[in-house]
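Enquirer: Take the position in the sequence shown, starting the count at 1, then add 4; the result is the number in the working numbering.
Below is the structure I would like to discuss, written out as structure tokens.
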Amino acid sequence: MRTPIIAGNWKMNKTISEGVELVNKIKDVAAKTDVEVVVCVPFVSLDAIKKELEGTEVKLGAQNMHWEESGAFTGEISPLMLKEIGIDYVVIGHSERRQYFNETDETVNKKIKAAIAHGINPIVCVGETLEQRENGEEKEVVNEQVLKALEDVEAEDVKKVVIAYEPIWAIGTGKTASSEDANEMIEYIRSTIEGKYGVDISEEVRIQYGGSVKPKNVTDIMNQPDIDGALVGGASLKAEDFTDIVNF
Ligand SMILES: O=C(CO)COP(=O)(O)O
Numbered sequence: 005m006r007t008p009i010i011a012g013n014w015k016m017n018k019t020i021s022e023g024v025e026l027v028n029k030i031k032d033v034a035a036k037t038d039v040e041v042v043v044c045v046p047f048v049s050l051d052a053i054k055k056e057l058e059g060t061e062v063k064l065g066a067q068n069m070h071w072e073e074s075g076a077f078t079g080e081i082s083p084l085m086l087k088e089i090g091i092d093y094v095v096i097g098h099s100e101r102r103q104y105f106n107e108t109d110e111t112v113n114k115k116i117k118a119a120i121a122h123g124i125n126p127i128v129c130v131g132e133t134l135e136q137r138e139n140g141e142e143k144e145v146v147n148e149q150v151l152k153a154l155e156d157v158e159a160e161d162v163k164k165v166v167i168a169y170e171p172i173w174a175i176g177t178g179k180t181a182s183s184e185d186a187n188e189m190i191e192y193i194r195s196t197i198e199g200k201y202g203v204d205i206s207e208e209v210r211i212q213y214g215g216s217v218k219p220k221n222v223t224d225i226m227n228q229p230d231i232d233g234a235l236v237g238g239a240s241l242k243a244e245d246f247t248d249i250v251n252f
């Protein structure tokens with residue numbers, strides 16, 4: 005049985021004080037549900053929000069991470085720094101990072117391995133562009149992203165990885181993949197993992213859907229058999245919407 009996981013990705017939103025205010029409004033929701041609840045917040049807010057979340061069941065995540073522990077990488081944040089704060093998750097390879105910050109399948113893979121080595125669970129984002137979907141290439145694209153992301157990741161470790169299927173054309177656009185289409189892709193991602201690690205492992209890996217998840221569509225999405233959760237952008241910035249999503 006896979007525990008559903010709903011994560012808010014705040015992206016580059018909320019100052020520290022605004023973030024503290026927001027988590028205070030949502031922090032009790034996790035105690036009332038069987039869903040694992042995560043907030044992925046900007047680096048500068050991690051420490052303050054970690055303290056705010058003490059004694060609650062909401063987990064904390066970062067939105068990116070370098071793969072090296074330390075060194076001459078101006079502006080980067082290392083797994084050791086994140087580990088000391090006590091985070092549980094880190095988003096790796098979000099499409100916005102692939103698109104605007106030259107994240108590649110190779111750096112995604114390095115970051116996943118570094119996260120696992122430091123006991124931080126990666127939430128790995130994959131997904132096709134509109135053009136790739138229109139060309140009927142979405143499965144090929146996502147299959148390759150998943151296999152490259154998981155290169156040299158051991159079977160025991162892949163269970164710690166959460167995969168987020170986020171079709172790029174559905175992010176921030178108000179367009180969601182239909183829940184059936186999303187389920188089909190997620191089922192396909194599970195078959196990719198099965199091909200590499202076998203069915204016992206693939207049945208344990210949690211795979212989320214992301215892209216314009218809102219209170220009004222979350223139930224439909226979460227009722228799909230292969231979808232184990234959601235990675236929520238815009239709607240995670242409003243306490244009421246995020247609470248409604250978690251309580252779908
Ligand atoms: O990119 C996303 C989450 O990582 C999805 O963002 P939206 O929910 O705003 O479409």
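Positions of the beta carbon are idealized from the N, C-alpha and C atoms, including for glycine.
For PRO219, report the span of its beta strand (DSSP E) as first-last.
Expert: PRO219 -> not in any beta strand (DSSP E); alpha helix (DSSP H) instead, spanning 219–226.
Enquirer: Find out if the Cβ-Cβ distance for the pair ILE10, ILE249 is shorter than 8 Å.
Expert: yes
Enquirer: Starting from LEU235, trace the beta strand (DSSP E) in both directions and tell me its first and last residue.
Expert: 233–236
Enquirer: For the structure I just gave you, are there three or more beta carbon pairs, one from the region 69–89 and one from the region 30–42, closer than 8 Å?
Expert: No, the region 69–89 is not in contact with the region 30–42.
Enquirer: Which partner residues of ALA168 appear in the DSSP bridge assignment?
Expert: CYS129, GLN212
Enquirer: Using a Cβ-Cβ cutoff of less than 7 Å, which residues in the same chain neighbour GLY131 once the five nearest sequence positions on both sides are dropped?
Expert: SER99, VAL146, TYR169, GLU170, PRO171, ILE172
Enquirer: Is any heavy atom in ligand 1 found nearer than 7 Å to the beta carbon of ALA239?
Expert: For ligand 1, at least one heavy atom lies less than 7 Å from the Cβ of ALA239.
Enquirer: Comparing alpha-carbon positions, which option in LYS114, GLY123, THR60, ILE127 lies nearest ARG210?
Expert: Shortest Cα-Cα distance from ARG210 to any of LYS114, GLY123, THR60, ILE127 involves ILE127.
Enquirer: Any heavy atom of ligand 1 inside 7 Å of the beta-carbon of LEU235?
Expert: Yes; taking the cut-off as 7 Å, the Cβ of LEU235 has a heavy atom of ligand 1 nearer than that.
Enquirer: Enumerate in chain order the residues of its own chain whose CB-to-CB distance from HIS122 is below 6 Å, with the five nearest sequence positions on each side excluded.
Expert: PRO83, LYS87
Enquirer: Who are the Cβ neighbours of ALA159 in its own chain at under 8 Å, not counting the five residues just before and after it?
Expert: TYR201, GLY202, ILE205
Enquirer: Does the Cβ of VAL203 lie closer than 7 Å to at least one heavy atom of ligand 1?
Expert: no
Enquirer: Given 7 Å as the limit, tell me if GLY214 has its C-beta closer than that to any heavy atom belonging to ligand 1.
Expert: yes
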